[in-house]
Amino acid sequence: MQRTDLRLPAPRPSGTSPDAPQGDDGPVPGQGPGGSPDSEDRAEARAEARSQERSADRTGDRAARRSGDGTESEARDSGTAGDPARGGRRAGRAKRSRGRVLLRRARQVVAWTLCAVLAVIVGTAARVWWVARQDARPTVDAILVLGASQYDGRPSPVLLARLEHALALYREGVAPRIVTVGGNMPGDRFTEAGTGRRWLIAHEVAETSVFAVPEGRDTLQSVRAVAEMMRAYRWQSVVIVTDPWHALRSRAMARAEGLDASASPARQGPAVRSRSTQGKYVGRETAAYLHWWILRRSSGFGHGVV
């Protein structure tokens, strides 16, 4: 009897088609008919894997850089904290920087302060010059002649110029009376007020229309004495006769004492003879006015005109 050998087919790996090509050792795993679809799938898978790997590499690099930066910063901080000399230098630099800022601000404050002071001085000098050129002649209760030097009963050139201007105002009808004011220096027999009154009476002003207030060694004292006398007579308004550069300060003082004061400066006399004289008086009156305006007291810069 002839024996027939029966061979069973070898088991196919999972995922292979029955029609998949067979090799010597059996079918080729993962390859379908024709072989191309599986090859394309594997190529796409490999490309996607490489893309993911590159993305992961880039992410890791960035994380590493961030970690490195933080580590370096911590190292610097820890180095500074652990190095007192370096910390001291940094503190010194910060302190010097603050000092420079404060110094710059202080310089700015000083500069602005100087500018403000200069503006006040220039503005006051401009007011002295401006008021000196005004001539107010309203009808008032009295004409006030501020005192100046006298020589044993004779008016000095400055006082004479004021008396002549007051006489012209009186004759013009500005006021029905004239008030002279001013004391005397030690050793003098006559006062400035008395000398002025006698001169006016000698020039045909009625005795009853001239009032002498023999007080005051400076402008402020004289104005206060006249203001007290005018309040006693219930007189309120006055035109002040003085030198042009003296007009602003004397008018301001009279107004501060409650008088309705205007100024009509004399246009002749030593105070207006030359440019240099005018400049000197403008400078002195600027200083005297600011001294009174700030301190409300006499400047002590001189007698008579001041």
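Using my numbering, the letters of the sequence shown map in sequence onto residues 152 to 457. C-beta atoms are modelled at their ideal positions from N, C-alpha and C, and glycine is treated no differently. Remember, it's a predicted structure, so these values are computed and weren't measured experimentally.
For residue 446, no beta strand (DSSP E) encloses it; the enclosing alpha helix (DSSP H) starts and ends at 426 to 446. Contact between the segment 335 to 343 and the segment 311 to 322 is absent, with fewer than three C-beta pairs closer than 8 Å. Shown here for residue 363: same chain residues with a beta carbon closer than 6 Å to its own, the five before and five after excluded, namely 331, 344, 345, 348 in chain order.
Within the segment 240 to 325, complete beta strand (DSSP E) segments of at least 3 residues are found at 293 to 296, given in chain order. For residue 390, DSSP records a beta bridge to 294, 413. Under the three-state reduction of DSSP, residue 342 is assigned to coil, being neither helix nor strand. With at least 16 other beta carbons inside 10 angstroms of its own, residue 391 counts as buried.
Relative to the Cα of residue 365, the nearest Cα in the group 358, 374, 359 belongs to 374.
The alpha-carbon of residue 287 is positioned some 47 Å away from that of residue 256.
Assigned with DSSP and collapsed to three states, residue 357 falls in coil, not helix or strand. Contact check between the segment 303 to 315 and the segment 270 to 283: fewer than three CB pairs, one atom from each, fall below 8 Å, which does not count as touching.
As the crow flies, the alpha-carbon of residue 436 is around 10 Å from that of residue 450. Counting along the chain, residue 374 sits inside no beta strand (DSSP E); it lies in the alpha helix (DSSP H) bounded by residues 370 to 384. Exclusion of the five residues before and after residue 369 leaves 449 as the residues of its chain whose Cβ lies within less than 6 Å of its Cβ. The C-alpha of residue 284 is placed about 54 Å away from the C-alpha of residue 248. Rounded to whole angstroms, the separation of the alpha carbons of residue 429 and residue 266 is 26 Å. Taking a C-beta distance under 8 Å as the contact criterion, residue 325 and residue 294 qualify as a contact pair.
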